[in-house]
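**Student:**
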Amino acid sequence: MLAVAIGIVLFIAENQLTGTRKGSLLLAFGTVPTRLFGALHGPGWAGLIEIGKLFSGLFLHADWPHLLGNLVFLLIFGSAAEPSLGSLRFFFLMLVCGALANLAGAYVYPQLSAPIIGSSGAVSAILGAYITLFPRARLGLVIPLGLFIEFVRIPALTLIGLWILIQGLFVIVGPGTGALAWPIHLVGFVSGALIAYASRPAIARRLRNA
Numbered sequence: 165m166l167a168v169a170i171g172i173v174l175f176i177a178e179n180q181l182t183g184t185r186k187g188s189l190l191l192a193f194g195t196v197p198t199r200l201f202g203a204l205h206g207p208g209w210a211g212l213i214e215i216g217k218l219f220s221g222l223f224l225h226a227d228w229p230h231l232l233g234n235l236v237f238l239l240i241f242g243s244a245a246e247p248s249l250g251s252l253r254f255f256f257l258m259l260v261c262g263a264l265a266n267l268a269g270a271y272v273y274p275q276l277s278a279p280i281i282g283s284s285g286a287v288s289a290i291l292g293a294y295i296t297l298f299p300r301a302r303l304g305l306v307i308p309l310g311l312f313i314e315f316v317r318i319p320a321l322t323l324i325g326l327w328i329l330i331q332g333l334f335v336i337v338g339p340g341t342g343a344l345a346w347p348i349h350l351v352g353f354v355s356g357a358l359i360a361y362a363s364r365p366a367i368a369r370r371l372r373n374a
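Here is the structure:
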C-alpha cells in the first residue's frame with residue numbers, strides 16, 4: 165500500500181535528523197493550532213499554507229510506537245478496504261478525513277503550541293469506512309505462536325473494539341498530549357463512515373463492474 169510505504173520512508177528520513185532539527189521539521193510541517201488560527205485571521209497566503217499542514221502532518225510521526233500503532237491497523241483494514249473503495253477514493257478518504265480530524269484536534273485545543281502530527285485521524289477514517297460498508301466482515305490475520313504461525317479470521321467489529329481499547333489506554337497512561345487524540349479519532353472515524361455511506365452506490369457499481 166502506497167500510504168504505508170510513504171509513512172515508513174518519511175519516518176526513516178525524519179530519524180536521520182538530530183533532535184533539534186527533527187523538532188523543527190515537525191513544527192514546520194505539522195499542524196500547530198495557535199499558528200493555524202492566527203494565520204487564518206491574518207492577511208496573505210499564510211492561512212492557505214497552514215491549511216496545507218493539516219495534510220502534510222498526516223505523514224509525520226513522533227516515534228516508532230506512534231508509527232507502528234497506526235500502520236498495523238492501516239495494514240489490517242486498509243488492505244481489505246482499498247480493493248473495494250478503489251485506490252483513488254481510498255487515498256482521498258485518508259487525506260480529507262485525516263485533515264478534518266487534525267482540524268478537530270486544533271479546534272478543541274486552540275492554545276496548543278505543539279504540532280499535531282500522525283495518521284491517526286486517517287486510520288480512524290478507514291476503520292469507520294470499512295465497518296460502514298462491511299459491518300459483518302471477518303478479517304484474516306496471521307498470528308505468530310512460538311515456532312508456528314496461525315491464520316485466524318476475526319470479526320472486524322472485534323478488531324475495532326481492540327483499537328478503541330488501545331486508544332483509550334493511550335489517553336489514560338500515555339504522554340500529556342494523549343488526551344488530544346480523542347477528537348482526532350472521533351472525527352476521523354465519523355467522517356470516514358459518512359463518506360463511505362454516501363459513496364455506497366458508486367462503490368457497488370465499482371464492485372459489479374470489477
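According to our numbering, the stretch in the sequence shown is residues 165 to 374, in order. Note that the Cβ used here is the ideal one computed from N, Cα and C, for glycine as well.
With DSSP collapsed to three states, give me the class of I281.
**Tutor:** As a first step, residue 281 must be located in the sequence shown, where it is residue number 117. Coil.
**Student:** Return helix, strand or coil for A323, following the three-state DSSP convention.
**Tutor:** Here residue 323 corresponds to residue number 159 of the sequence shown, with the count starting at 1. For the sequence presented, residue 323 should be read as Leu rather than Ala. DSSP places L323 in helix when its eight states are reduced to three.
**Student:** Looking only at its chain, what residues have a beta carbon closer than 7 Å to the beta carbon of I318, apart from the 5 residues adjacent to it on each side?
**Tutor:** Counted from its first residue, the sequence shown places residue 318 at position 154. For I318, where only same-chain residues beyond five positions count, the Cβ hits under 7 Å are R302, L303, L305.
**Student:** When the Cβ atoms of the region 315-329 are set against those of the region 263-274, are three or more pairs found closer than 8 Å?
**Tutor:** At 8 Å Cβ cutoff, the stretches do not touch.
**Student:** Provide the residue span of the alpha helix (DSSP H) that contains S251, from first to last.
**Tutor:** On the sequence shown, position 87 is the one that residue 251 refers to. Segment 251-272, the alpha helix (DSSP H) holding S251.
**Student:** Which of the three DSSP states, helix, strand or coil, is assigned to R199?
**Tutor:** As a working note, residue 199 is residue 35 in the sequence shown. In this structure, R199 counts as helix in the three-state DSSP scheme.
**Student:** May I ask you to list the residues that DSSP assigns as paired with L189?
**Tutor:** Reading the sequence shown from its first residue, position 25 is the one you call residue 189. Answer is none; L189 lacks a bridge partner.
**Student:** Just to confirm, is the Cβ distance from V354 to A278 under 9 Å?
**Tutor:** By 1-based counting over the sequence shown, the position of residue 354 is 190. By 1-based counting over the sequence shown, the position of residue 278 is 114. For V354 and A278, no; Cβs fall outside 9 Å.
**Student:** Would you mind giving the Cβ-Cβ distance between F223 and L174, rounded to the nearest angstrom? I have them listed as a contact below 8 Å.
**Tutor:** The count along the sequence shown starts at 1 and reaches residue 223 at position 59. The count along the sequence shown starts at 1 and reaches residue 174 at position 10. F223 to L174, Cβ: 5 Å. Contact.
**Student:** According to DSSP, simplified to helix, strand and coil, what is R300?
**Tutor:** Against the sequence shown, residue 300 aligns to sequence position 136. Residue state, collapsed to three classes: coil.
**Student:** For S251, which residues from the same chain have a beta carbon less than 8 Å from its beta carbon, with the 5 sequence-adjacent residues on both sides left out?
**Tutor:** As a working mapping, residue 251 is identified with position 87 in the sequence shown. Around S251: L166.
**Student:** Report yes if the C-beta distance between I359 and S248 is below 9 Å; otherwise report no.
**Tutor:** For the purposes of this step, residue 359 is taken as the residue at position 195 of the sequence shown. For the purposes of this step, residue 248 is taken as the residue at position 84 of the sequence shown. Cβ atoms of I359 and S248: not closer than 9 Å.
**Student:** Comparing C-alpha positions only, which one of V316, F315, L350 sits nearest to G332?
**Tutor:** Position 168 of the sequence shown, counted from the start, is the residue given in the question as residue 332. It is L350.
**Student:** Could you pull out every residue in the same chain whose Cβ sits closer than 6 Å to the Cβ of G292, ignoring the five residues on either side in sequence?
**Tutor:** One-based indexing of the sequence shown puts residue 292 at position 128. Excluding positions up to five away in sequence, the list reads F353, G356, A357.
**Student:** Can you tell me the Cα-Cα spacing of G262 and K186, whole angstroms?
**Tutor:** Your numbering for residue 262 matches position 98 in the sequence shown. Your numbering for residue 186 matches position 22 in the sequence shown. Their backbone Cα atoms lie some 22 Å apart in a straight line.
**Student:** Rank E246, Q275, A245, S284 by C-alpha distance to the C-alpha of L264 and give the top, closest one.
**Tutor:** Taking the first residue of the sequence shown as position 1, residue 264 is located at position 100. Closest option to L264, Cα to Cα, is S284.
**Student:** Please tell me whether A345 and Y294 are closer than 9 Å, where the distance is taken between their beta carbons.
**Tutor:** Counting from one through the sequence shown, the residue named residue 345 turns up at place 181. Counting from one through the sequence shown, the residue named residue 294 turns up at place 130. No.
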